[in-house]
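Only one structure is covered here, and it is reproduced in the block below.
Okay, here's the thing in structure tokens:
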């Protein structure tokens, strides 16, 4: 998984047109992730971000008008990177079916969260600082899961009566397994955690009838 | 479900010894839930809380030393009320088995969240204002779910290899189904949402083999 490539799509008001500009924007966003992740939105400062990014203050304002704006751009950037990281993990594999897809999507997310622990704090703080981005992150994530569930229904592997609520249930499992096993402790490896979720989606939690 | 009874256990430093004192404490906590829920921690004020509770400022300081302290007490109070509300819903029913218990626990939680929509914002803000309470809320909730899963294993209904991670997965499903269907919209009734979760726990999401 590469974490140094620029986020897809424009962030902030001013989209860089050169490779050098894209690198500077990336440095600012990476620095903002550390600054907001460590200090929280209210204590974080633009000076703190440019200090970490080793850029001039004027450079910051080439890309963003305010602390609010880079925070909003960062939430979009993290949301995009979760999507592209999970997407890359799924396209890189032979098609093992719908359940295997969900298992692999969760494992990729858990690894990403473990390597970018600040993501929880930043997305969670968006509920207060930028509610529209918070909602959009979860709505778009649930939509992608639901599309995969519908594909699994069409292929015959999954039930055909799965609803949007099933996607929200799966997303919730994933988010809380990440909180517990990627952020708060890493006592279980990502693959083992993802296997727990897969086993629930495969057979539920009831004892198999013999 | 009664919401006017005092929370179990002491909240704040000063536990009221009289019924009148308990009622005043309850009024302050209910007012705090509205104040913090509407304004968020930073914008909320002690004056705003006592104004809503129609109590004197001096009365506030009989029970709490600061805004931080009543916020912490409120998180504990909400966590306790979720527990007692779910507990009451479970004891009030004939034992329909482990899956029915999880379904009913979720339905009771969804109804509580729908009637106290501020709970999400307050518990979520605890991640920033009072991280220990935030963590304790989820750890104790997961522990209760895990104990129910173990009881279901002993009774023969559930798999006996269920781990703590299964409880976190179930809690995550419940939290996100609540966010989507009790807070953001109520387009699906609580019973129907709880049935989605029950069906996942019963058979997973795969197509039944015919």
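Protein chains in written order, with UniProt numbering: chain A, 1 to 210; chain B, 1 to 210.
Beta carbons: idealized from backbone N, C-alpha and C, even for Gly.
*Quickly, what does DSSP pair residue 206 of chain A with across the bridge? List them, please.*
Within the first chain, the letter at position 206 stands for residue 206 of chain A. According to the DSSP secondary-structure assignment, residue 206 of chain A is paired through a beta bridge with B:158.
_Can you pull the chain A neighbours of residue 126 of chain B, defined as C-beta to C-beta under 9 Å?_
For the purposes of this step, residue 126 of chain B is taken as the residue at position 126 of the second chain. Here the premise fails: no neighbours, minimum Cβ distance about 10 Å.
*Taking 8 Å as the CB-CB cut-off, is residue 109 of chain A touching chain B?*
Working through the first chain from its first residue, we reach residue 109 of chain A at position 109. Chain B contact via Cβ: absent.
*Nearest chain B C-beta to residue 137 of chain A closer than 8 Å, yes or no?*
Residue mapping note: residue 137 of chain A aligns to position 137 of the first chain, counting from 1. No - not a single Cβ of chain B is within 8 Å of the one on residue 137 of chain A.
_Residues near residue 32 of chain B in its chain [Cβ-Cβ closer than 6 Å; skip 5 each side]_ = The sequence position of residue 32 of chain B within the second chain is 32, counting from 1. Around residue 32 of chain B: 49, 70, 74.
*Of all the CB atoms in chain B, is at least one closer than 8 Å to the CB of residue 65 of chain A?*
To locate residue 65 of chain A, count along the first chain from 1; it is residue 65. Not one chain B Cβ lies under 8 Å of residue 65 of chain A.
*To the nearest angstrom, report how far apart residue 79 of chain A and residue 24 of chain B are at their CA atoms.*
Sequence index remark: in the first chain, residue 79 of chain A carries index 79 (1-based). Sequence index remark: in the second chain, residue 24 of chain B carries index 24 (1-based). Straight-line Cα distance between these residues: approximately 44 Å.
_Closest residue to residue 30 of chain B among B:19, B:14, B:55, B:130 (Cα-Cα distance)_ = Indexing the second chain from 1 puts residue 30 of chain B at position 30. The shortest C-alpha separation from residue 30 of chain B is found at B:55.
*asked:* Please tell me whether residue 203 of chain A has its Cβ less than 8 Å away from any Cβ of chain B.
replied: Walking along the first chain from the start, residue 203 of chain A turns up at place 203. For residue 203 of chain A, the answer is yes, since a Cβ of chain B falls inside 8 Å of its Cβ.
*Kindly list the residues whose CB is nearer than 7 Å to the CB of residue 211 of chain B, restricted to its own chain and excluding five residues on each side of it in sequence; keep chain order.*
What is shown of chain B runs 1 to 210, which leaves residue 211 of chain B out entirely.
_As assigned by DSSP and simplified to three states, the class of residue 193 of chain B_ = For the purposes of this step, residue 193 of chain B is taken as residue 193 along the second chain, with counting starting at 1. In the structure shown, the three-state DSSP call for residue 193 of chain B is helix.
_Other residues of its chain near residue 113 of chain B: CB distance less than 8 Å, five sequence neighbours each side excluded_ = Residue mapping note: residue 113 of chain B aligns to position 113 of the second chain, counting from 1. Taken in chain order, the residues that qualify are 119, 120, 178, 182, 183.
*Can you have a look at residue 199 of chain B and say buried or exposed, based on whether 16 or more other CB atoms are within 10 angstroms of its CB?*
Translated into the one-based positions of the second chain, residue 199 of chain B becomes position 199. With 16 or more Cβ atoms within 10 Å of its Cβ, residue 199 of chain B is classed as buried.
_residue 174 of chain A beta carbon less than 8 Å from that of residue 109 of chain A_ = As a position in the first chain, residue 109 of chain A is number 109, starting the count at 1. As a position in the first chain, residue 174 of chain A is number 174, starting the count at 1. In contact: residue 109 of chain A and residue 174 of chain A (Cβ atoms closer than 8 Å).
*Tell me whether the beta-carbon of residue 138 of chain B lies closer than 8 Å to the beta-carbon of residue 126 of chain B.*
One-based indexing of the second chain puts residue 138 of chain B at position 138. One-based indexing of the second chain puts residue 126 of chain B at position 126. Result no, Cβ atoms of residue 138 of chain B and residue 126 of chain B do not sit closer than 8 Å.
*Could you give the uninterrupted runs of the alpha helix (DSSP H) lying entirely in the UniProt DNA-binding region "H-T-H motif" (45-64) of chain B, keeping only those of 4 residues or more?*
Complete alpha helix (DSSP H) runs here, min 4: 46-53, 57-63.
*Using three-state DSSP, classify residue 15 of chain A as helix, strand or coil.*
Reading the first chain from its first residue, position 15 is the one you call residue 15 of chain A. Looking at residue 15 of chain A - three-state DSSP - the assignment turns out to be coil, as it is neither helix nor strand.
*For the UniProt domain "HTH tetR-type" (22-82) of chain A, which residues have a beta carbon sitting closer than 9 Å to at least one beta carbon of chain B?*
Interface annotation for the UniProt domain "HTH tetR-type" (22-82) of chain A against chain B: 40, 41, 42, criterion Cβ-Cβ distance under 9 Å.
_Inter-residue spacing [alpha-carbon to alpha-carbon] between residue 61 of chain B and residue 117 of chain B_ = Your numbering for residue 61 of chain B matches position 61 in the second chain. Your numbering for residue 117 of chain B matches position 117 in the second chain. Separation of residue 61 of chain B and residue 117 of chain B (C-alpha to C-alpha, rounded to the nearest whole angstrom) is 27 Å.
*Give the range of the alpha helix (DSSP H) segment to which residue 178 of chain B is assigned.*
Position 178 of the second chain, counted from the first residue, corresponds to residue 178 of chain B. For residue 178 of chain B, the uninterrupted alpha helix (DSSP H) segment begins and ends at 164-178.
*Tell me which same chain residues have a C-beta within less than 8 Å of the C-beta of residue 34 of chain A, skipping the five on either side of it?*
Taking the first chain and counting its residues from 1, the one referred to as residue 34 of chain A is at position 34. By the criterion of a C-beta distance shorter than 8 Å, residue 34 of chain A is surrounded in its chain by 52, 118, once the five residues flanking it on both sides are discounted.
*Looking only at its own chain, which residues have a Cβ that is under 6 Å from the Cβ of residue 57 of chain B, when we skip the five neighbours before and after it?*
Looking up residue 57 of chain B in the second chain gives position 57. 50.
*Taking 8 Å as the CB-CB cut-off, is residue 165 of chain B touching chain A?*
Position 165 of the second chain, counted from the start, is the residue given in the question as residue 165 of chain B. Yes, because at least one Cβ of chain A sits closer than 8 Å to the Cβ of residue 165 of chain B.
*Please determine, among B:123, B:160, B:115, B:172, the residue with the shortest C-alpha to C-alpha distance to residue 186 of chain B.*
Here the question's residue 186 of chain B lines up with position 186 in the second chain. The shortest Cα separation from residue 186 of chain B among B:123, B:160, B:115, B:172 belongs to B:115.
*asked:* Nearest by alpha-carbon distance to residue 153 of chain A: which of A:44, A:201, A:98, A:72 is it?
replied: Your numbering for residue 153 of chain A matches position 153 in the first chain. Minimum Cα distance to residue 153 of chain A is reached at A:98.
*For residue 203 of chain A versus residue 203 of chain B, is the C-beta distance shorter than 8 Å?*
The residue labelled residue 203 of chain A in the question sits at position 203 within the first chain. The residue labelled residue 203 of chain B in the question sits at position 203 within the second chain. A contact, by the Cβ cut-off of 8 Å.
_Distance between beta carbons of residue 158 of chain A and residue 207 of chain B, contact taken as under 8 Å_ = By one-based count along the second chain, residue 207 of chain B stands at place 207. By one-based count along the first chain, residue 158 of chain A stands at place 158. Contact between residue 207 of chain B and residue 158 of chain A holds: CB atoms are separated by about 6 Å, below the 8 Å threshold.
*asked:* Once DSSP output is grouped into helix, strand and coil, what is the label at residue 81 of chain B?
replied: The residue you call residue 81 of chain B lines up with position 81 of the second chain. Reduced to three states, the DSSP call for residue 81 of chain B is helix.
*Which same chain residues, not among the five before or five after residue 146 of chain B, have their C-beta less than 6 Å away from its C-beta?*
Residue mapping note: residue 146 of chain B aligns to position 146 of the second chain, counting from 1. Hits under 6 Å: 164, 167.
*DSSP on residue 96 of chain B, reduced to helix/strand/coil?*
Along the second chain, read from residue 1 onward, the residue named residue 96 of chain B stands at position 96. Residue 96 of chain B falls in the coil class under three-state DSSP.
*For the alpha helix (DSSP H) that contains residue 122 of chain A, what are its first and last residues?*
What you label residue 122 of chain A is simply residue 122 of the first chain in a count that begins at 1. Where residue 122 of chain A is concerned, the enclosing alpha helix (DSSP H) stretches over 118-129.
*Which of helix, strand or coil DSSP assigns to residue 66 of chain A*: Translated into positions along the first chain, residue 66 of chain A becomes position 66. Assigned with DSSP and collapsed to three states, residue 66 of chain A falls in coil, not helix or strand.
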